[in-house]
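Participant: In this text, residue positions in the sequence shown follow my numbering: the first is 4, and each later residue adds one.
Think of the CB as a built atom: it goes at the ideal place given N, C-alpha and C, for glycine as much as any other residue.
This one's a predicted model, so the numbers in the text were calculated from it and none came from an experiment.
Got a structure for you, questions after.
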Amino acid sequence: MEEENASLILEGSTPSILPIPDEIDEHFGRGPGSKGLREVFHNSVMTGSRTRSVLLLHHILSTSYFPDGPIRILDGLGASGIRARRWLTELPIEQSKRLDVHVCDILPESLEWVDKNIQRFDLDRSIKLILGDLRSRVLEGGWHWIDLDPYGSPIPFLDPVIQALSRDAILEVSATDTAALTGSSKGPTMRRYGAFVRTDKWAHDSGLRVLMANIARIAARHDRSIEPLLSVWESHHLRVSVAVKKSKRGASSVEKYIGWRIANPTSEELQSSIDANLHPHGCPERSQPFCFLPFRHPVNHEDRRVSGPLWTGPLASKEVLSSMNLEVAEKLCIPDTVSLSSWGFSSDEHSTLIEQSKKSITQSIRRFSEESKVEPSSSLLIVDRLHPHIPLLGPPSPTKLAEALTDSGYSSCVASYPNPSILTSAPWNIIYDIALEISNASIE
Ligand SMILES: C[S@@+](CC[C@H](N)C(=O)[O-])C[C@H]1O[C@@H](n2cnc3c(N)ncnc32)[C@H](O)[C@@H]1O
């Protein structure tokens, strides 16, 4: 449906009107693959990230994380404000009425579209608009929640944004400069993130950990500590969500979870990793794909096996992962037909739209329930990189491997990661024997 040169779209259970792009282009606005200046940016590939944002906010507001009272929440690089409108439209009324929502954008046209959407869909709790550069406007401060979704790297924004958070706050950060974070553009990896990343099959996991380490170190400079809540690599972007607390003591221990990833470690390196509680698999005498080493462990910066400094601790919270289940997501993020009609969607489209929303939310939280059951210290093991550490004739099925490890008492699961992989904290001897058994059985 079209009106006033705008198209009507649905995301989750939130309608939007957006300008029709000059060219037929899924990603309209200035962004990856599009250099031209358009009226407002919108990228449907980020739907999953916005769904998770609604679910995280729902979870946090269901806990006592924030004291009673209004929550000052900022969609810092808001574009059409779709994320902020999803918070208001999809959360239960008892939660959404606590939100004091602001959207900031440097382009007046973006905020005009936020406003058009507020008017068109009659959002009863209005959104406050902030026109200007987030880096200066955010310093008004006292934000309980800030979402940072930039073009490219979030680094230019992190320092002012972290300073502007309240004592207990949540920060969500996207990054689309994946070439820098995964080490394939070495110059930007070093100059933006102060790190080097080995470009192997763990590179996206390393990228998430390099981003997390940068957030932790910037937070520490401002007497704050972080706790990772969720970390996701999806399509062209990485995204991490963290709880940030004012704590000098926590900030001084920033080093606790910062260190190095060593590919193909020696037995001495494995022993140091075990001694530092960074390697749940034990077995220093047997060859293994990688281990983490603490920040103070001497590493040779010319050694191509090394990635870091990066975050060596858990990348997500069990509670957050288990809270993001299909039952909750369907309740919040699937529209009803009465609302669809009132927003102007014709009844012929209803079932397709509901199906699309269901499919998209299922995809956005795929595997979280299983991941919530494994030990937070679990390692990401990529099945076709178990060889040559285990003499396999072919990679074992991740599902079979995770199930067999779980059956032997070590809760494991298939990981939501681009390369077929599992999350496990099982001892290496057990992984070795089970992987061999599965691989041999599959070729018999
Ligand atoms: C990737 S888009 C954000 C997409 C949006 N969060 C969403 O979910 O659709 C980045 C937005 O940041 C805005 N922007 C860029 N630099 C900015 C700055 N320094 N301060 C405020 N906004 C800025 C752009 O105009 C653009 O609308």
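Sort Ser326, Asn422, Pro394 by Cα distance to Glu440 and report the nearest one.
Facilitator: Closest option to Glu440, Cα to Cα, is Pro394.
Participant: Quick check on the DSSP output: what are the complete alpha helix (DSSP H) runs of length 4 or more inside the segment 351-377, in order along the chain?
Facilitator: If we require 4 residues or more, the alpha helix (DSSP H) runs fully inside the segment 351-377 come out as 353-367, 371-374.
Participant: Rounded to the nearest angstrom, what separates Thr54 and Asn46 at their Cα positions?
Facilitator: Roughly 13 Å between the two C-alpha positions.
Participant: In chain order, what residues of the same chain have a beta carbon less than 6 Å from the beta carbon of Lys38, not counting five sequence neighbours either side?
Facilitator: Low confidence applies here, because Lys38 scores a pLDDT of 39, under 50, leaving its location unreliable; read the following figure in that light. Nothing listed; no residue qualifies.
Participant: Given this structure, state the Cα-to-Cα distance separating Ala87 from Gln274, to the nearest angstrom.
Facilitator: Ala87 and Gln274: Cα-Cα distance of roughly 48 Å.
Participant: Span of the beta strand (DSSP E) holding Ile133?
Facilitator: Run containing Ile133: 131-134, per the beta strand (DSSP E) assignment.
Participant: Grab the span of the alpha helix (DSSP H) containing Ala407 for me, first residue to last.
Facilitator: 401-410 is the extent of the alpha helix (DSSP H) around Ala407.
Participant: What residues in its chain sit with their C-beta under 8 Å from that of Pro398, if we drop five residues either side in the sequence?
Facilitator: Around Pro398: Val386, Asp387, Leu389, His390, Pro423, Ser442.
Participant: State buried or exposed for Lys131, treating a residue as buried only when at least 16 other CB atoms are found within 10 Å of its CB.
Facilitator: Exposed is the call here.
Participant: Nearest-angstrom Cα distance between Gly32 and Pro191?
Facilitator: Low confidence applies here, because Gly32 scores a pLDDT of 47, under 50, leaving its location unreliable; read the following figure in that light. Using only the alpha carbons, I get a separation of about 24 Å.
Participant: If you count every other CB in all the chains shown that lies within 10 Å of the CB of Tyr154, and 16 or more means buried, which is it?
Facilitator: So Tyr154 counts as exposed.
Participant: Does the distance between the C-beta of Asp118 and the nearest non-hydrogen atom of ligand 1 fall short of 7 Å?
Facilitator: Answer for Asp118: no, Cβ out of range of ligand 1.
Participant: Between the segment 211-226 and the segment 275-290, do three or more beta carbon pairs fall short of 8 Å?
Facilitator: The segment 211-226 vs the segment 275-290: no contact.
Participant: CB of Ala167 to nearest heavy atom of ligand 1: below 7 Å?
Facilitator: Checking the Cβ of Ala167 against ligand 1 gives no.
Participant: Taking its Cβ as the centre, do 16 or more other Cβ atoms sit within 10 Å of His284, making it buried, or is it exposed?
Facilitator: His284 is buried by the Cβ-count criterion.
Participant: Does ligand 1 have a heavy atom nearer than 7 Å to the CB of Asp180?
Facilitator: No.
Participant: Are the CB atoms of Pro111 and Leu134 nearer to each other than 8 Å?
Facilitator: For Pro111 and Leu134, yes; Cβs fall inside 8 Å.
Participant: What alpha helix (DSSP H) runs, 4 residues minimum, are completely inside the segment 91-150?
Facilitator: The segment 91-150 contains these whole alpha helix (DSSP H) runs: 96-99, 111-123, 137-140.
Participant: Per DSSP, which one or two residues make a beta bridge with His240?
Facilitator: According to DSSP, His240 bridges with Glu237.
Participant: Are there three or more Cβ pairs, one per stretch, closer than 8 Å when the segment 106-122 is compared with the segment 77-85?
Facilitator: The segment 106-122, when compared against the segment 77-85, does touch it at the 8 Å Cβ threshold.
Participant: Provide the residue(s) that pair with Phe44 in DSSP beta bridges, ordered along the chain.
Facilitator: Per DSSP, none; premise fails for Phe44.
Participant: Confirm, please, whether the CB-CB distance from Pro157 to Val176 is below 8 Å.
Facilitator: Closer than 8 Å, so yes.
Participant: Give the list of continuous beta strand (DSSP E) stretches no shorter than 3 residues that lie fully inside the segment 297-359.
Facilitator: Fully enclosed beta strand (DSSP E) runs of 3 or longer: 309-314.
Participant: Got a sec: does ligand 1 put a non-hydrogen atom nearer than 7 Å to the Cβ of His45?
Facilitator: Yes, the Cβ of His45 comes within 7 Å of a heavy atom of ligand 1.
Participant: Using alpha carbons as the reference points, say which of Ile265, Asn328, Ala444, Pro301 lies closest to Pro292.
Facilitator: Minimum Cα distance to Pro292 is reached at Ile265.
Participant: For Pro22, is the beta carbon positioned less than 7 Å from some heavy atom of ligand 1?
Facilitator: Flag unset: Cβ of Pro22 not near ligand 1.
Participant: Throw me the rounded Cβ distance for the His282 and Cys294 pair, which I believe falls under 8 Å.
Facilitator: With 8 Å as the limit, His282 and Cys294 qualify as a contact, their Cβ atoms being about 5 Å apart.
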